[in-house]
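Just so we're aligned: the sequence shown equals residues 1319 to 1583 in my numbering.
Virtual Cβ for every residue (Gly too), placed ideally from N, Cα, C.
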Amino acid sequence: MSSPRPHTVTAAGMAPAPQLSGNSLPMQALRAQIGRIARCGAPVAIRGESGTGKELAARAIHAQGARAGFPFIAVNCGAIPEALMEAEFFGCRPGAYTGARHERQGLFQAAHGGSLLLDEVDDLPLAMQVKLLRVLQERRVRKLGGSADEAVDVRILCASQHGLARGVAAGTFRQDLFYRLNVIELALPPLRERRGDLQVLCEVILARLAPGQAVSLAPPVLAALAAYAFPGNVRELENVLERALAFADGGVIALDGLALPSAAG
Ligand SMILES: Nc1ncnc2c1ncn2[C@@H]1O[C@H](COP(=O)(O)OP(=O)(O)OP(=O)(O)O)[C@@H](O)[C@H]1O
Ligand SMILES: [Mg+2]
């Protein structure tokens, strides 16, 4: 039995192919780009504001590619304490540190054959960046406390809000790792630049939040949503709709149920 990894990992080996909804030109272009990216095995660096769908895009790349039948693992690089990082990524042997009683697989071994999403990759400490670089170069990992390397075959996807070049310029991200990870760049447009997607997104999200129920938007609601800046993008839209649904009367979401933050509305 492997130990639990509460805050870091989601695996979706057999999950249905995720959908990036929206018919705006930027979304059509994005889906076409994802289709092309999925066919190759190169590393992808995904950039986009909070809630724009970076993880969804990574899952789509995985699901449409040759690795689809293998694990997809997402790890939030900012959420692992630095002291545990090496064991978390590469696994550990019994006795590698106090309390390490069992042999443990790392994320790389768990993702073997599939894809590993390094989310918030710009939060990786420099010492860990060096170790990651070596693994990407050699395609082999060594468990903490181990003496032998094992081959791993993993497609690396990474995500950040601001892109990796910013960290390189600031001296917090290694340039050699940047070149390894940033082979293909995928930028997700913010929701305010594709307001034409709002209606479809509302439909998709409401169908997910209230399956089997007929929910509609009162006429001024869409206009109010279109006038709002959505700094939290699609995730914020989900939250707005979830709250509005709780206040909906007879399956109709009314303007006063929206409660959009007023400053930006
Ligand atoms: N185009 C889209 N169509 C449908 N749902 C979407 C779309 N984009 C994002 N979502 C939904 O919005 C939520 C946020 O998406 P996701 O977690 O992929 O964003 P993120 O960019 O990784 O966010 P964060 O920066 O907060 O990590 C998810 O519930 C996702 O399903
Ligand atoms: Mg994310």
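Item, Value
"Under 8 angstroms between C-beta atoms of GLY1424 and VAL1459", "yes"
"Best match in GLY1464, LYS1372, ASN1394, ALA1401 for proximity to ASN1551 [C-alpha to C-alpha]", "LYS1372"
"Other residues of its chain near ARG1510: CB distance less than 7 angstroms, five sequence neighbours each side excluded", "ALA1547, PHE1548"
"Segments of 3+ residues assigned as beta strand (DSSP E) that fall wholly inside the region 1502-1561", "1502-1505"
"Chain-order list of residues whose beta-carbon lies under 8 angstroms from that of PRO1538 (same chain, five-residue window excluded)", "LEU1573"
"Length of the line joining the Cα atoms of PRO1322 and GLY1463", "Any reading at PRO1322 needs caution, since the residue's pLDDT is 39, under 50, leaving its predicted position unreliable; the model's value is listed next. Each residue's Cα considered, the two are about 20 angstroms apart."
"Whether CYS1410 touches LEU1436 by CB criterion (8 angstroms)", "no"
"Three-way DSSP call (helix, strand, coil) for ASP1437 in this model", "strand"
"Coil, strand or helix - LEU1374 by DSSP", "helix"
"Backbone secondary structure at ILE1355 - three-state DSSP", "helix"
"Exposure label - LEU1444; buried when at least 16 CB within 10 Å", "exposed"
"Stretch-stretch touch, CB-based, cutoff 8 angstroms, three pairs: the region 1520-1537 with the region 1557-1570", "yes"
"Any 3 or more C-beta pairs closer than 8 angstroms across the region 1384-1394 and the region 1497-1508", "no"
"Boundaries of the alpha helix (DSSP H) in which ASP1467 is found, first to last residue", "First-last for ASP1467: 1467-1469, but that is the beta strand (DSSP E), not the alpha helix (DSSP H)."
"Residues near GLU1554 by beta carbon distance below 7 angstroms, same chain, minus five either side", "GLY1369, PHE1548"
"Assigned exposure category for PRO1579 - 16 Cβ within 10 Å defines buried", "exposed"
"GLN1382 beta carbon less than 8 angstroms from that of GLY1353", "yes"
"Residue from GLU1404, GLY1514, LEU1576 with nearest C-alpha to LEU1442", "GLU1404"
"Close-in-space but distant-in-sequence residues of the same chain around MET1446 (CB under 6 angstroms, 5 per side omitted)", "MET1403"
"Cβ separation of ARG1365 and SER1478, assumed to be a contact under 8 angstroms, to the nearest whole Å", "6 angstroms"
"Bridge partners - ASP1567, DSSP secondary structure assignment", "VAL1570"
"Bridge partner(s) assigned by DSSP for ALA1363", "CYS1476, GLU1503"
"Candidates ASN1341, VAL1472, PRO1344: closest to HIS1430 by CA position", "VAL1472"
"Contact under 8 angstroms by Cβ, LEU1482 with LEU1524", "no"
"Exposure label - ASP1567; buried when at least 16 CB within 10 Å", "exposed"
"Top-ranked residue by Cα proximity to GLU1456, from GLY1489, ALA1487, PHE1426, PRO1412", "PHE1426"
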